[in-house]
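Heads up: the sequence shown at position 146 corresponds to 145 in numbering that gives the first Met the number 0, and the numbers run straight through without jumps.
Here a beta-carbon is modelled for each residue, glycine too, at the ideal position from N, C-alpha and C.
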Amino acid sequence: MKNIFKLLFASLFVVNFSCHDSENVIDGVLDYETGAILRTISVDNNVVNSSDETSAWLATLEVQDGTDDSSLWSSIELHVEMKDFTPDNGDNTTASVLLYTWTPADFEIGPVGLPRADVAANWGDIKAALNFTGGEYSPGDLLTFKAYLHLNDGRVFGPDSAAGIITGGFFASPFQYNALLTCSPAPGTYTVEMYDGYGDGWQSSGIQVCIDGTCEDLTIPQMWPTVTNYGTTTVDVPVGTETLTWTWAGDSWPDEVWFVVYGPSGDLIYVGQGAEEMTLYSNGAFPPEEVQAEGILMGVGLLPIALCAE
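Written out as structure tokens, the structure reads:
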């Protein structure tokens, strides 16, 4: 019995000294007196047509600062950068630069009593901010927008301060968004090959391909103990299609996932690998070595796949 009381006392002792003010960013973000989040209501367009300066990334954002009059925040800065996924014209990856600054005056009270705004980042402004004069970009490159919420007390919340609890779900506050630089896609039949390095199928919904908003999921089904290490299908893109996007949902075992796309003429246009270091097991399958050599790391979200119509 003494041992039990000793253990109980020790536990209380530890708990007592473990209770201190947390320095986690999320505690400040969720503090209704001093914190704020930038909630994503919707992303309405995440492809930007590089042949149209008015083409824009579109979203609806809502500021939650715990007050009735938005008195805690002073401005939102939207920065943009480009990741070059088309090395044929050199590596023109950019640093992040300021694109827009919005203030409370740019927001209106929304249906739940909080400031809300429909925002847009058009290609003409993006090119100017990145000092593009021509030739630095190609369809397939990726734009990343980063939002920074400035408070009147000098604090700033952005992508680096967004904890997992607020990046998804109700709050949907990642402070960061991707948009694919694209073009009107080449029509025809695209051939897709999917590989799994273990042989038990992909552990996710796989790749979502959308043609002018009509979407389907491409994946290797899980049929264990039946070995499923490879799948192939075709995607038919009609003449006149305006947008074609490919989005990866991620996977529980990304180091086993390869995704390969051939264009209508049979040319290899994309090889994606789920991790830096890939793993092949006895029942698994990988693309041929010459195809693997073209692989680039797949990030969750939009994939840099673009083949332009002539």
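- If you ignore the 5 residues before and after residue 278, its C-beta comes within less than 7 Å of the C-beta of 196, 254 and 255, all in its own chain and listed in chain order.
- Fully contained in the region 219 to 292 are the following alpha helix (DSSP H) runs of length 4 or more, in chain order: 288 to 291.
- The C-beta distance from residue 236 to residue 303 rounds to 17 Å, too long to fall under 8 Å, and the pair is not in contact.
- A residue is called buried once 16 or more other Cβ atoms fall within 10 Å of its Cβ, and residue 222, having fewer, is exposed.
- Counting only runs of 4 or more residues that sit fully inside the region 58 to 132, the alpha helix (DSSP H) segments are 122 to 128, in chain order.
- In this structure, 242 is the residue among 264, 252 and 242 with its C-alpha nearest to the C-alpha of residue 301.
- About 7 Å separates the CB atoms of residue 122 and residue 55; that is less than 8 Å, so the two are in contact.
- About 26 Å separates the CB atoms of residue 116 and residue 131; that is not less than 8 Å, and the two are not in contact.
- Within the model, the alpha-carbon separation for residue 276 versus residue 263 is close to 30 Å.
- Under the three-state reduction of DSSP, residue 159 is assigned to helix.
- Residue 85 is a Cβ neighbour of residue 137, given a cutoff of 8 Å.
- The count of Cβ pairs closer than 8 Å, one atom from the region 289 to 296 and one from the region 258 to 273, reaches three, so the stretches are in contact.
- DSSP, read as helix, strand or coil, puts residue 197 in coil.
- Residue state for residue 174 is assigned as coil, using DSSP reduced to three classes.
- Looking at the backbone, the Cα of residue 182 and that of residue 66 are separated by about 43 Å.
- When 112, 125, 90 and 73 are compared, the shortest CA-CA separation from residue 97 is found for 125.
- From the listed residues 104, 211, 120 and 230, the smallest Cα separation to residue 51 is found for 120.
- Per DSSP, reduced to three states, the secondary structure at residue 214 is strand.
- By a beta-carbon distance limit of 8 Å, residue 194 contacts residue 257. Their separation comes to about 4 Å.
- Using a Cβ distance threshold of 8 Å, residue 150 and residue 73 count as a contacting pair.
- In this chain, the beta strand (DSSP E) harbouring residue 41 covers 36 to 44.
- Put simply, the backbone Cα of residue 176 is about 27 Å away from that of residue 308.
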